[in-house]
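Taken in sequence, the protein lines are chains A and B.
The first sequence stops at residue 244 when you use the working numbering, and every number in between is there.
The second sequence stops at residue 244 when you use the working numbering, and every number in between is there.
C-beta: ideal position from N, C-alpha, C; glycine also.
What you are looking at is a predicted structure, and each value in this text was computed from that prediction instead of being measured.
Read the structure below first, then the notes.
There are 2 protein chains.
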Amino acid sequence: MQKKIKLLLAEDDLQLGFIIRDNLEEAGFEVINCPDGEQAWEYYQKKDPDLCLLDVNMPYKDGFTLARKIRQKNDVIPILFLTAKSLEEDKLKGFAAGADDYILKPFSMKELLSRIQVFLRRNKMLIKEAPDSYRIGNTVFVPAEFKLAGPDRELTLTLREKELLEFLCQHPDKVLKREDILLHVWGKNDFFLGRSMDVFMTRLRKHLAIEAGISIETIHGIGYRFTTV
Amino acid sequence: MQKKIKLLLAEDDLQLGFIIRDNLEEAGFEVINCPDGEQAWEYYQKKDPDLCLLDVNMPYKDGFTLARKIRQKNDVIPILFLTAKSLEEDKLKGFAAGADDYILKPFSMKELLSRIQVFLRRNKMLIKEAPDSYRIGNTVFVPAEFKLAGPDRELTLTLREKELLEFLCQHPDKVLKREDILLHVWGKNDFFLGRSMDVFMTRLRKHLAIEAGISIETIHGIGYRFTTV
DNA sequence: TTACCTGTTAACTATCTTTTAACCAATGTT
DNA sequence: AACATTGGTTAAAAGATAGTTAACAGGTAA
């Protein structure tokens, strides 16, 4: 699984915030939703998001102030304001604070998404969607179905088997660091999970043993490389 | 094109209302969005909607009052309450006012859509028409009649049995996630409904045990796959 | 009321997945 | 070569998930 793009959403209306977040997640983003500017600033520093959506009117630290603070640290991250006011004055104030765009409430999700895409594209961070099946020698792997099917067999993978194999398929012929695999498939990296991964590598190798020319190669001390013919 | 299904949405929070409407329209519904109960009542009479989504807290005429008024005129139209309060008292009051379901804010659009679909299906107003019978081995399943009939037997399914089996029949050979089944058949996804589903799976399996080659396969940790020969 | 019928909850059991542990093999370093 | 580190393999332990049966609650009909 490719690393998701992180959005920082600062919106004090909880219900609205939830539903915006829900829609954005549905669209494939990772969303950090903060109810006020103070928390948003905290999470900004902690999570290092790729794009910010800031409500202008928030308790504890309004959108303008927050934007200025973020701009001080990072002068390329796209900052989009969400606001109910259509005052020209506010708009100017917003751009002065470092905003890249200014979206009026109420907005449609379609509109929000397309504006987000514009800025991500500008920053070369477009999401590329994953193919829904991979050919591995004579075997076909369909992640959505947890299925690995060859001419003489068909088997259903478990969750981890599938996620791991999918990650390998997404990066053929590349050396994948143990750490990166762990972070992507397990979400964190510690010693025991590393050993767990070793077990799963053994399993995947068994599953793919039939396929000549396919290999999960060990790069000692570094990680693995998955090669298909 | 088939005539769109009309939803009456009464929501006083304009921003939230707009985005809910946007999502519902995206899903193919026609939506009438009213900011208060007074207007909602007006539009109810004028537009004759197929389903109502009412916010409980509204100026000029609260959701309960409105629901009662609508129920007086029409005792079949599905009425779903949207509310931030989780008070049991409110819930009872809601059902007493004639509500069919009670959706807590914040909710995900996925959940809202599923619950709407459940009630539309129940009222035979589904958007996409489904085949009116399925052949499962030597057995014939007629959803509209809740009937499962084979050479040597004929039995009447209950509502949930029928909805569940119908959902399975609509997606043969696909891995259906537990969550999706729950959202489609029950309208929401929580732990206990999940256990309820397990019970129904057992029942369906018993009903179909006669049929060799038919199986409801468990994909552990994910969901189920229904396969016919 | 009583007697069902349906769907949910509960309790117990069975099964499957993942992690942990133990031991061994390979690699790299001194 | 001796040692330490890293990874491979297998099996058992732990944990999570699902199957099954029965009791229960709420509603409906006789």
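Between residue 49 of chain B and residue 81 of chain B, the alpha-carbon positions lie close to 12 angstroms from each other. Among the residues facing chain B, residue 38 of chain A is included, as its CB has a counterpart in that chain under 8 angstroms away. Per the coordinates, the alpha-carbon of residue 190 of chain B lies some 14 angstroms from the alpha-carbon of residue 177 of chain A. About 17 angstroms separates the beta carbons of residue 243 of chain B and residue 166 of chain B, which is beyond the 8 angstroms limit, so they are not a contact pair. With a threshold of 8 angstroms between beta carbons, residue 236 of chain B makes contact with chain A. The alpha carbon of residue 32 of chain A has as its nearest neighbour, out of B/79, B/127, B/120, B/148, the alpha carbon of B/120. The region 121-137 of chain A and the region 36-52 of chain B touch, with no fewer than 3 CB-CB distances between them shorter than 8 angstroms.
Contact annotation for residue 25 of chain B against chain A: no contact, minimum CB-CB distance about 15 angstroms [criterion: below 8 angstroms]. DSSP places residue 230 of chain A in the uninterrupted beta strand (DSSP E) bounded by 230-234. Contacts between residue 123 of chain A and chain B, judged by CB atoms closer than 8 angstroms, involve 33, 34, 37 in chain order. Contact note: residue 42 of chain B does not reach chain A at a C-beta cutoff of 8 angstroms; the least C-beta distance is about 12 angstroms.
Around residue 209 of chain A, the same chain offers 193, 197 as residues with beta carbons nearer than 7 angstroms, after the five sequence neighbours per side are excluded.
Judged by their CB atoms, residue 207 of chain A and residue 175 of chain A are not nearer to each other than the 8 angstroms cut-off. Within the region 107-122 of chain B, the residues whose Cβ lies closer than 7 angstroms to some Cβ of chain A are 120, 121, listed in chain order. Its Cα nearest to that of residue 76 of chain A, the residue A/53 stands out among A/86, A/53, A/60, A/150.
Rounded to the nearest whole angstrom, the C-alpha separation of residue 201 of chain B and residue 109 of chain B is 19 angstroms. Linking residue 180 of chain A to residue 161 of chain B through their CA atoms gives a straight-line distance of about 42 angstroms. According to the DSSP assignment, residue 118 of chain A belongs to the beta strand (DSSP E) that extends over 116-119. When 7 angstroms is used as the limit between beta carbons, residue 171 of chain A is near these residues of chain B: 234, in chain order. For residue 30 of chain B, the residues of chain A that pass the 8 angstroms Cβ criterion are 28, 31, 99, 120, 121, in the order they occur in the chain.
The criterion of a C-beta distance shorter than 8 angstroms is satisfied by residue 222 of chain A and residue 163 of chain A. Measuring C-alpha to C-alpha distances from residue 30 of chain B to each of A/86, A/98, A/227, A/106 identifies A/98 as the nearest. For residue 23 of chain A, the closest of A/132, A/111, A/56 by C-alpha to C-alpha distance is A/56. With a 10 Å radius around the Cβ and a threshold of 16 neighbouring Cβ atoms, residue 115 of chain A comes out buried. Between residue 51 of chain B and residue 69 of chain A, the alpha-carbon positions lie close to 28 angstroms from each other. At a cut-off of 8 angstroms, the C-beta of residue 71 of chain B has no neighbouring C-beta in chain A. About 6 angstroms separates the beta carbon of residue 21 of chain A from that of residue 62 of chain A, a gap short enough to meet the 8 angstroms contact definition.
Taken in chain order, the members of the region 172-192 of chain A whose beta-carbon sits within less than 8 angstroms of a beta-carbon on chain B are 173, 174. Residue 236 of chain A has its alpha-carbon roughly 47 angstroms from the corresponding atom of residue 112 of chain A.
By the CB criterion at 8 angstroms, residue 231 of chain A and residue 218 of chain A fall outside the cutoff. Straight-line spacing of the CA atoms in residue 131 of chain B and residue 170 of chain B works out to 29 angstroms.
Going by beta carbons, residue 185 of chain B and residue 224 of chain B fall outside the 8 angstroms limit. By the rule that beta-carbons nearer than 8 angstroms mark a contact, residue 96 of chain A does not touch chain B. By the criterion of a C-beta distance shorter than 7 angstroms, residue 42 of chain A is surrounded in its chain by 128, once the five residues flanking it on both sides are discounted.
Distance between residue 151 of chain B and residue 240 of chain B, taken at the CA atoms: about 14 angstroms.
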